[in-house]
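Quick note, the sequences are listed as chains S and X, same order. Residue 1 is where the first sequence starts when you use my numbering, and the numbers rise one by one after that. Residue 1 is where the second sequence starts when you use my numbering, and the numbers rise one by one after that.
Protein chains: 2
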Amino acid sequence: MARAATTTDAFNAVAEPRRRQILDVLAGGERPVNELVEALGIAQPLVSKHLRVLREVGAVHVRDEGRRRLYRLNGRALKPIHDWVSRYEGLWSERFELLDDVLDDLKKEEDDGDDEQRDGGRDAPH
Amino acid sequence: MARAATTTDAFNAVAEPRRRQILDVLAGGERPVNELVEALGIAQPLVSKHLRVLREVGAVHVRDEGRRRLYRLNGRALKPIHDWVSRYEGLWSERFELLDDVLDDLKKEEDDGDDEQRDGGRDAPH
DNA sequence: TTGACATATACCTATATCGACATATAATCG
DNA sequence: CGATTATATGTCGATATAGGTATATGTCAA
Chain S
1 MARAATTTDA FNAVAEPRRR QILDVLAGGE RPVNELVEAL GIAQPLVSKH LRVLREVGAV
61 HVRDEGRRRL YRLNGRALKP IHDWVSRYEG LWSERFELLD DVLDDLKKEE DDGDDEQRDG
121 GRDAPH
Chain X
1 MARAATTTDA FNAVAEPRRR QILDVLAGGE RPVNELVEAL GIAQPLVSKH LRVLREVGAV
61 HVRDEGRRRL YRLNGRALKP IHDWVSRYEG LWSERFELLD DVLDDLKKEE DDGDDEQRDG
121 GRDAPH
């Protein structure tokens, strides 16, 4: 099985930085594709495709205005992300950072400097 | 170019539901791979692979304990997600929902029932 | 040592990208 | 009508999966 489609849910749609950028621009108000192309500085077909993904997960709404199509942000679609990640909010508070450090210290003591041997140091860069 | 690697950042790592599930379990405290396999009900190699991705983006820390490896959540890695999505918090408040409805009504009036013709009704199911 | 247990990695297949390019569709203007 | 502008779609190439299976690595126990 391949990776889930980007149109599966908001999580997948928003994993692409360009799509987040599009939403950031739209946060400033309704915009035609034209301006999004300019703002992002990438090819127009690519913008249209990103917009399609955002449309399919409901992150944007479209409105026809003459030969232009005005895109508008729909924040509701991001709520699941906010709800999920909010459960982890506070884990990076100072108090938790300290706890983390303590646990890291305990780990170091237990492993007695023999750490990172099995994993080949491929652990996260800090 | 293909899609960005899942190890590129937390956004991509967390787009996979199973990896969110793993983090959810780890939110309850340090766990060996064993228990994660049980909790998720999927094959062990798959869990190890997901854990590797989470390790590479720094979302989890590992600690060796005998022949087991204890994984621990590192909430800090999720902060960028929280920071980004929080800028959209409130867009789904009641007041904004109402504004949205008003805008949708305006759209309907403008298009005069001729909407969804070009898009073939392929818009997101709201 | 031999074996059982715990975890990680290698290999394979099917699939869904992202980006570039060409082209189609649609609306407006002269 | 034909030309221009605005946007969407199709195709192709390169790539990175997720899941399955087999296997390697590491640890403990008898």
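Beta carbons are placed, not taken as given, at the ideal position from N, Cα and C, and that holds for glycine. Just so we're clear, the structure is a prediction, and the values are computed from it rather than from any experiment.
Using DSSP with H/G/I as helix, E/B as strand and the rest coil, what is residue i?
i, result
"S/D64", "strand"
"X/R69", "strand"
"X/R31", "strand"
"S/I22", "helix"
"S/R76", "helix"
"S/L46", "helix"
"X/R86", "Per the sequence shown, the amino acid found at residue 86 of chain X is Ser instead of Arg. In this structure, X/S86 counts as helix in the three-state DSSP scheme."
"S/A4", "coil"
"X/L91", "coil"
"S/A39", "helix"
"X/E56", "helix"
"X/A15", "coil"
"X/D112", "Reliability fails at X/D112, whose pLDDT of 40 lies under 50, so the model's placement of it is uncertain and the value that follows must be treated cautiously. X/D112 falls in the coil class under three-state DSSP."
From the options, pick the residue whose C-alpha is nearest to that of residue i; which is it?
i, options, result
"X/G90", "S/P80, S/G90, S/W92 and S/Y88", "S/P80"
"S/R67", "S/V33, S/V37 and S/P17", "S/V33"
"S/S48", "S/R69, S/E65 and S/G28", "S/R69"
"X/R52", "X/R3, X/G28, X/T8 and X/S86", "X/T8"
"S/G28", "S/D83, S/Y88 and S/G75", "S/G75"
"X/Q44", "X/I22, X/V60, X/D83 and X/H61", "X/I22"
"X/E30", "X/Y88, X/A59, X/V14 and X/A13", "X/A59"
"S/Y88", "X/H82, X/H61 and X/S93", "X/H82"
"S/H50", "S/A13, S/M1 and S/A2", "S/A13"
Using the rule of at least 16 other Cβ atoms within 10 Å of the residue's Cβ for burial, across every protein chain shown, is residue i buried or exposed?
i, result
"S/A77", "buried"
"X/P125", "Because the pLDDT at X/P125 is just 36, under 50, the model does not fix this residue reliably, and the point stays unresolved."
"S/L36", "buried"
"S/E16", "buried"
"X/E65", "exposed"
"S/M1", "exposed"
Tell me, please, whether the CB atom of residue i is closer than 8 angstroms to any CB atom in chain S?
i, result
"X/H82", "yes"
"X/G29", "no"
"X/L91", "yes"
"X/V14", "yes"
"X/K79", "yes"
Is it true that the CB of residue j sits closer than 8 angstroms to the CB of residue i?
i, j, result
"X/R19", "X/I42", "no"
"S/R72", "S/R63", "yes"
"X/V57", "X/A10", "yes"
"X/V25", "X/A39", "yes"
What do you reckon, is the C-beta of residue i under 7 angstroms from a heavy atom of the ligand GTP?
i, result
"X/R67", "In the structure on display, the ligand GTP does not appear, and there are no ligands present to speak of."
Is residue i close to chain X? Criterion is C-beta to C-beta, closer than 8 angstroms.
i, result
"S/V85", "yes"
"S/G75", "yes"
"S/R19", "no"
"S/R67", "no"
"S/N34", "no"
"S/F11", "yes"
"S/Y88", "yes"
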